[in-house]
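Heads up: the sequence shown is residues 1188 to 1331, going by the working numbering.
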Amino acid sequence: MLREAHRMTALRFECQAGCTNCCTQKGFVYLTEADLARMAAFLKMRPADFERRYVYRTKTLLRLRMPRHTQCHFLREDGCSIHPAKPTQCRIFPFWPELVDDKREWRKTAAYCPGIGKGKLVQIESARQLAGEMREAYPGMYSR
Ligand code: SF4
Ligand code: SF4
């Protein structure tokens, strides 16, 4: 639910070169079927092989398996090794619905995302459009 008192009109954000902080936070990386197909193609793997190796599937969701000593199989020192094909939730971060609609959460996220508060102003409508893409991509995770 939106907290009206904390709504924002514009957000400042620019991803910072060399940073990988959002990839090392606790939590899972969820996938859409299109994410899976795109990532597999990027790695020149058959989707079934990619899934067997990297994906955990339940009746309702797909997520990346988490390796033992790092948060993500694709994270390298210099960043995401599948950047052009990365999952929707990674591409849209930090414009996730739960952050865009709540100033307090947005500010909390700034504690680990140095891009927040930097760069150009992003109008709230554009931020919400991205958040909407996130809702559409993962309908099970967001109730409207
Ligand atoms: S897929 Fe790439 S961007 Fe997403 S968490 Fe893994 S390394 Fe980070
Ligand atoms: S934490 Fe923020 S600045 Fe760092 S890589 Fe992620 S989005 Fe970019």
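No residue lacks a Cβ here, since even glycine has one placed at the ideal position from N, Cα and C.
None of these values were measured; they are calculated from a predicted model.
Original post:
Can you give the beta carbon distance from A1197 to I1311, rounded, assuming they're within the 8 Å contact cut?
Top reply: For the purposes of this step, residue 1197 is identified with residue 10 of the sequence shown, where counting begins at 1. For the purposes of this step, residue 1311 is identified with residue 124 of the sequence shown, where counting begins at 1. About 6 Å separates the two Cβ atoms, so the contact holds.
Original post:
Who are the Cβ neighbours of A1192 in its own chain at under 6 Å, not counting the five residues just before and after it?
Top reply: As a working mapping, residue 1192 is identified with position 5 in the sequence shown. Note on A1192: pLDDT 43, under 50, position unreliable in the model; the coordinate value appears next. Excluding residues within five positions, none has a Cβ falling inside 6 Å.
Original post:
Does the distance from the CB of T1247 to the CB of G1327 come in under 8 Å?
Top reply: The sequence position of residue 1247 within the sequence shown is 60, counting from 1. The sequence position of residue 1327 within the sequence shown is 140, counting from 1. Yes, these two residues count as a Cβ contact at 8 Å.
Original post:
Would you call the stretch 1274-1289 and the stretch 1317-1324 in contact, with 3 or more CB pairs under 8 Å?
Top reply: yes
**OP:** Within 10 angstroms of the Cβ of D1236, are there 16 or more other Cβ atoms? Answer buried if so, exposed if not.
**Re:** For the purposes of this step, residue 1236 is taken as residue 49 along the sequence shown, with counting starting at 1. Flag for D1236 reads exposed.
Original post:
Looking only at DSSP bridge pairs, what is R1244 linked to?
Top reply: Taking the first residue of the sequence shown as position 1, residue 1244 is located at position 57. Beta-bridge pairing links R1244 to L1249.
Original post:
Should G1302 be listed as close to ligand 2, given that the test is whether its C-beta is under 7 Å from any heavy atom?
Top reply: Mapped onto the sequence shown, residue 1302 falls at position 115. Answer for G1302: yes, Cβ within range of ligand 2.
Original post:
Alpha carbon to alpha carbon, how far is R1263 from T1207?
Top reply: Stepping through the sequence shown from its first residue, residue 1263 is reached at position 76. Stepping through the sequence shown from its first residue, residue 1207 is reached at position 20. Distance between the alpha carbons of R1263 and T1207 is about 9 Å.
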